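The structure appears below as structure tokens.
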Amino acid sequence: MVSKTIDMLRNELPVQQESLVLSGEVPTGLVLVDVVNGFCTVGAGNLAPVRPDKQISGMVDESVRLARVFCEKKWPVFAFLDSHHPDIPEPPYPPHCIAGTDESKLVPALQWLENEPNVTIRCKDCIDGFLGAIEKDGSNVFVDWVKTNQIKIILVVGICTDICVLDFVCSTISARNRGFFTSLEDVIVYSHGCATFDLPDDVARTIPGAIAHPQELMHHIGLYMAKGRGAKVVSEVSFATPKEA
Ligand SMILES: [Zn+2]
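Okay, structure coming up:
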């Protein structure tokens, strides 16, 4: 049933995906959205996978691969960490990623990022990281990061494709279109570097107030929506050495 629906969706809502080759000639920044235990590590909390999840572990692996290369090359990396005050809920979600707990920490395979000089880490207490990067004085840590590094391409990975990744991508594109950053040209979503959670309809029906969220479908819809708002979607990211001048 779900696989038939996915085939139908892929026909009716196709998402053309390109390949991205990064050489460093165009300043590129990597944005990691919420690759934290609370969303990625089995059993870590209310919104964590309950069993090993191929899409989520693939997303973590690709995030680690890209982060390693970006850090080797000293290219800018920006990591959002979902992080909530215990007394401030985030409806419609149950409590998750409470600040100071393991849930709001980067997954073990990415914790080394905390010590890398080219990495900016931003805790956010909302779905949309662009809004979550606004400081009390009105400045925006993410906007400043793009400007300081003169970033032309933002490559986005993380979780969830259709929620935090999508909202961040949409806001960033609107901000670019309004002239918030003069350098920024493209926002690129890497499909295998993104994942979403799985809550099939038959399970959702047993949880009061829950809404069905089949993983493959919602991942696809997230990519489709991002593309429709003006993001590029790629299915491959590789690295090339820059040409000699
Ligand atoms: Zn949250």
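For the sequence shown, counting from 1, position 88 maps to 88 in UniProt numbering; every step adds exactly one. Quick reminder that beta carbons are idealized off the backbone N, C-alpha and C, glycines included. Only a predicted model underlies this, so the values are computations on that prediction, with no experimental measurement involved.
Identified DSSP bridge partners for residue i
i	result
N140	I134
T120	F78
V233	V189
I207	Paired residues: none, contrary to the question.
L20	V237
Limits of the beta strand (DSSP E) - the one that residue i falls within
i	result
L30	T28 to V33
residue 250	This structure cannot speak to residue 250, because the chain is shown only from 1 to 245.
H192	D186 to A195
A79	V77 to D82
E216	Careful: E216 lies outside any beta strand (DSSP E), inside the alpha helix (DSSP H) at Q215 to G228.
L47	First-last for L47: undefined, no H or E at that position.
Element boundaries [alpha helix (DSSP H), containing residue i]
i	result
E103	Neither: E103 is in no alpha helix (DSSP H) and is coded neither H nor E.
I56	K54 to E72
L166	C164 to N177
L113	Segment: none, L113 is in no alpha helix (DSSP H) and carries neither H nor E.
V203	D201 to A204
G24	Unbroken run through G24: none, as it is neither H nor E.
Straight-line gap, residue i to residue j (C-alpha atoms, nearest Å)
i	j	result
K232	E18	8 Å
H220	E116	33 Å
K124	S83	6 Å
E236	V189	10 Å
V157	P95	24 Å
F130	W145	12 Å
A204	H213	8 Å
D53	L30	24 Å
residue 247	C194	With the chain running from 1 to 245 in the structure shown, residue 247 is simply not present.
W75	G222	27 Å
G38	I159	11 Å
L110	C71	12 Å
P49	L113	23 Å
S23	S238	9 Å
Of the listed residues the options, nearest to residue i (C-alpha basis)
i	options	result
L66	V21, D198 and A133	V21
P208	G228, L32, Y93 and H192	Y93
heavy atom of ligand 2 below 7 Å from residue i C-beta
i	result
I151	As presented, the structure is devoid of ligand 2, carrying ligand 1 as its sole ligands.
Which residues end up in the neighbourhood of ligand 1 when you take C-beta atoms closer than 5 Å to any of its heavy atoms?
D82 and E90
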